[in-house]
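Participant:
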Amino acid sequence: MLTVGEAIRQRRSIRKFLDKPVSRKMIDEILEAARLAPSGSNRQPWRFLVVTDREERAKLRKICWDQAFIEQAPVVFVCCADLMAYSQPSRLKRAQEFIDTKVIETLSGRFADPEFRDALARMPDSDLGLFRAAAVANTYIAIEHMVLTATALGLGSCWVAAIGGEGEINTMFNLPGTLVVAAVLPVGYTDKIPPPRPRISISEILLRPLEAESR
Ligand SMILES: Cc1cc2nc3c(=O)[nH]c(=O)nc-3n(C[C@H](O)[C@H](O)[C@H](O)COP(=O)(O)O)c2cc1C
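Under this note's numbering, the sequence shown is numbered contiguously, ending at residue 243.
Next up, the structure:
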């Protein structure tokens, strides 16, 4: 296994896969990496379909703007954000876990105020669609865990967010509307690792220069 730093540096978007299956052990490891991801208030909204069937992969390819590597990859993770993870029963459950696992003892500021926390947890369900952005953002964290784990295992992958029209993948797999498809992640072996793609510089991503290191 690579270190995290090595996996971050070696990862590329891979768009050509070998016709070689990915073992169940590796699939399990990739899912475990997703499961362990952090999420706001520990909501864990990520849900997955693991697609290996060739016909299903071909259908996914068609939906995802006919991107050929989706059909070619031996395993494709359909990565969903579950809005139900933001429903009141789920919120209450997670809030209770914060108490049971003594996480609350480490909270500070507003979150240390039991009345504020309680009010948040007990807030009645409004339109769950309001949580869409948060659910997808948290699911993206889990997906990047999967991507880096795949790299560390010697596999290639490519984020796919060109996932067709609203609800197309839901219809294909008969998924409820509360499951928002966030991305599709084809994973497999490759024999060609492309060179690194360009990135903007540190000075471009810093909104103000770092202070000189004090001695
Ligand atoms: C959220 C997201 C969505 C993406 N969607 C697609 C996609 O639909 N098709 C594709 O070929 N690449 C897709 N990519 C891959 C990007 O094009 C790629 O990450 C970027 O060009 C940098 O290249 P690298 O990943 O090899 O470093 C996506 C990447 C991200 C993070």
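Glycine residues also receive a C-beta, built at the ideal position from the N, C-alpha and C atoms. Being a predicted model, the structure only gives us computed values, none of them experimental.
1) If you run the structure through DSSP and keep just helix, strand and coil, what is Pro224?
2) Where does Asp146 fall in DSSP's three states?
3) Within its chain, find whatever has a CB closer than 8 angstroms to the CB of Asn198; leave out the 5 residues flanking it on each side and keep chain order.
4) Quick one: using the 10 Å Cβ neighbour count with 16 as the cut-off for buried, is Phe144 buried or exposed?
5) Quick check on DSSP: helix, strand or coil for Arg75?
6) Can you check the region 124-210 for any alpha helix (DSSP H) of at least 4 residues that lies completely inside it and give the ranges in chain order?
7) Counting only the same chain and skipping the five closest in sequence on each side, list residues whose C-beta sits under 8 angstroms from that of Leu181.
8) Specify which residues have a beta carbon nearer than 5 angstroms to any heavy atom of ligand 1, listing them in chain order.
9) Please look up how many angstroms separate the CB atoms of Phe105 and Met174, rounded, as I've assumed it's under 8 angstroms.
10) Quick test of your reading: Val215 and Ile191, contact by CB under 8 angstroms. State the CB separation rounded to the nearest angstrom.
11) What is the residue span of the alpha helix (DSSP H) that Ala61 lies within?
12) Taking the straight line between their C-alpha atoms, what separation do you get for Pro152 and Tyr114?
13) Would you check if there are 3 or more beta carbon pairs closer than 8 angstroms linking the region 161-176 to the region 60-68?
Facilitator: For this structure:
1) The sequence position of residue 224 within the sequence shown is 196, counting from 1. Correct three-state label for Pro224: coil.
2) Translated into positions along the sequence shown, residue 146 becomes position 118. DSSP, read as helix, strand or coil, puts Asp146 in helix.
3) Taking the first residue of the sequence shown as 1, we reach residue 198 at position 170. Non-local beta-carbon contacts of Asn198 in its own chain, meaning distances under 8 angstroms to residues more than five positions away in sequence, involve Pro204, Gly205, Leu207 and Val209 in chain order.
4) Here the question's residue 144 lines up with position 116 in the sequence shown. With fewer than 16 Cβ atoms within 10 Å of its Cβ, Phe144 is classed as exposed.
5) Within the sequence shown, residue 75 is the residue found at index 47, counting from 1. Arg75 sits in a strand when the DSSP states are folded into three classes.
6) 142-150, 160-180 and 196-201
7) As a working note, residue 181 is residue 153 in the sequence shown. Hits under 8 angstroms: Met29, Met54, Glu57 and Ile58.
8) Shown in chain order are the residues whose CB sits closer than 5 angstroms to a heavy atom of ligand 1: Arg40, Ser41, Trp187, Val188, Ala189, Ala190 and Arg225.
9) For this step, residue 105 is matched to residue 77 along the sequence shown. For this step, residue 174 is matched to residue 146 along the sequence shown. Going by Cβ atoms, the distance from Phe105 to Met174 rounds to 7 angstroms, so yes, they are a contact pair.
10) By 1-based counting over the sequence shown, the position of residue 215 is 187. By 1-based counting over the sequence shown, the position of residue 191 is 163. 16 angstroms between Cβ atoms; not a contact.
11) For the purposes of this step, residue 61 is taken as the residue at position 33 of the sequence shown. Element bounds for Ala61: Arg52 to Arg63.
12) Residue mapping note: residue 152 aligns to position 124 of the sequence shown, counting from 1. Residue mapping note: residue 114 aligns to position 86 of the sequence shown, counting from 1. If I take the Cα positions, the gap works out to 11 angstroms.
13) yes
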